[in-house]
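**Student:** Pasting in a structure now, in structure tokens, and then I'll have a few things to ask.
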Amino acid sequence: MIPTVLAGAITTFGAALPLFACQLTFFPKMGTIMTSTIAFSVLFSIGFFMGFLLLIGPTGRIGDLDWIAEKLGLARCLERCGCLKRNPQAPQKHVEDPKTSAIGLHDSIPEGAVTNKV
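Residue 96 is where the sequence shown starts when you use the working numbering, and the numbers rise one by one after that.
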């Protein structure tokens, strides 16, 4: 990703260079605005922002998008074809015991018990 950002910065900077040779005051000012904008954007995107994400970036399963495949039921298929790579260091998802979960409670209610049905 860095090469594409740098390539865009270089071409935009190169397009701003001829503006400095113009005699009308608008064009050198526009060249200054363009070059300073490109310089600050490259400095912050490659230098500051990437370092900042390294310090406070996601850990564990935060930021993983494999939950979409799990919700759609495609996780096993995508793992078999090699499209879904799971992070081995990420903590595993908590699976609830059906006997203690809210969904499994109705199984343990005796048949003759009175329940509040709407």
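Just so it is clear, CB atoms sit at the ideal spot from N, CA and C, and this is done for glycine as well.
In this text, all values refer to a predicted model and were calculated from it rather than measured experimentally.
Extract the residue ranges of the alpha helix (DSSP H) inside the stretch 113-137, only unbroken runs of 4 or more that lie entirely within it.
**Tutor:** 121-137
**Student:** Span of the alpha helix (DSSP H) holding F108?
**Tutor:** In the sequence shown, the residue the question calls residue 108 occupies position 13. From DSSP, the alpha helix (DSSP H) with F108 extends over I97 to A111.
**Student:** Can you round the beta-carbon distance between P123 and L114 to whole angstroms, since I take them to be within the 8 Å contact cut?
**Tutor:** Looking up residue 123 in the sequence shown gives position 28. Looking up residue 114 in the sequence shown gives position 19. The Cβ separation is near 6 Å, so the contact holds.
**Student:** Mind checking A104: buried by the 16 CB within 10 Å criterion, or exposed?
**Tutor:** Counting from one through the sequence shown, the residue named residue 104 turns up at place 9. A104 should be labelled buried.
**Student:** Are the CB atoms of F108 and T130 within a distance shorter than 7 Å?
**Tutor:** Looking up residue 130 in the sequence shown gives position 35. Looking up residue 108 in the sequence shown gives position 13. The beta carbons of T130 and F108 sit closer together than 7 Å.
**Student:** Specify, as a first and last residue, the run of the alpha helix (DSSP H) that G146 falls within.
**Tutor:** Sequence index remark: in the sequence shown, residue 146 carries index 51 (1-based). Taken as a continuous stretch (DSSP letters only), the alpha helix (DSSP H) holding G146 covers M145 to I151.
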